[in-house]
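J.: Dropping the structure in here first, questions after.
Numbering (the working numbering), first residue to last: 56 to 227.
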């Protein structure tokens, strides 16, 4: 990421905020694999983009890309960079876990790193205002994840939630 930014003539002093929807989350998670790249990233927004695979029936596998996301979450919680992940009950291709199931697994993986417990966020929280009723929302300092279950359709994470949440995150 640092070399790419220099090659493109981008300001190497600023840190970009990465955002992705659905399968695009894999691209963002790949950029989180290397600690040097994670240090260059100013924040991450994943709109229903945390899909994964089953390790065994009912158990979400935390693979290399999910582990990179957990590492970024821990670092972001420590230094204040925003990480916002939304999820739905949509199952891509009818197989594998939903983003909701993956977020629940990541929740436990983040807490296992010893940065503290994620706390419930009330639907009345300003960041969630006017977004409907999530199934649940959790926060650990600057890390926020919101599961909308069936409340917001998969595409709505890009068309309804992202245009509202992204500016709120960037303004924080």
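Beta carbons are placed, not taken as given, at the ideal position from N, Cα and C, and that holds for glycine. These figures come from a predicted structure and were not determined experimentally.
1. Let me check one thing: in DSSP terms, what residues is residue 108 bridge-paired to?
2. Taking the beta strand (DSSP E) that residue 202 falls in, what are its first and last residues?
3. On the premise that residue 57 lies in contact with residue 97, defined as a C-beta separation below 8 Å, what is that separation, rounded to the nearest angstrom?
4. When the distance is taken between beta carbons, is residue 107 closer than 8 Å to residue 116?
5. Whole-angstrom Cβ separation of residue 135 and residue 223, contact assumed at under 8 Å?
6. Decide yes or no for the touch test of the region 118-130 against the region 157-165: beta carbon pairs closer than 8 Å, at least 3 of them.
7. Distance, Cα to Cα, residue 191 vs residue 99?
8. According to DSSP, is residue 172 helix, strand or coil?
9. Taking the alpha-carbon positions, what's the residue 209 to residue 143 distance?
10. Report the CB separation of residue 184 from residue 102 in whole angstroms; it is logged as a contact under 8 Å.
11. What's the gap between the Cα of residue 132 and the Cα of residue 150?
12. Shortest alpha-carbon distance to residue 201 belongs to which of 181, 158, 111, 227?
13. Starting from the Cα of residue 73, find the closest Cα among 206, 87, 145, 91 and give me that residue.
14. Measuring alpha carbon to alpha carbon, tell me which of 176, 145, 114 ends up nearest residue 139.
T.: Quick answer:
1. Listed as beta-bridge partners of residue 108 by DSSP are 116.
2. DSSP places residue 202 inside the beta strand (DSSP E), whose first and last residues are 198-202.
3. Rounded, the Cβ-Cβ distance is 13 Å, inconsistent with contact.
4. Contact flag set, yes.
5. 15 Å between Cβ atoms; not a contact.
6. Taking one beta carbon from each stretch, the region 118-130 and the region 157-165 have 3 or more pairs nearer than 8 Å; the two touch.
7. In this model, residue 191 and residue 99 are separated by some 20 Å (Cα to Cα).
8. Under the three-state reduction of DSSP output, residue 172 falls in the coil class, being neither helix nor strand.
9. In this model, residue 209 and residue 143 are separated by some 6 Å (Cα to Cα).
10. That belief does not hold up - the Cβ atoms of residue 184 and residue 102 are roughly 18 Å apart, past 8 Å.
11. One Cα belongs to residue 132, the other to residue 150, and the distance between them is close to 32 Å.
12. That would be 158, whose Cα lies nearest to the Cα of residue 201.
13. Nearest C-alpha to residue 73: 87.
14. With distances taken between Cα atoms, residue 139 lies closest to 176.
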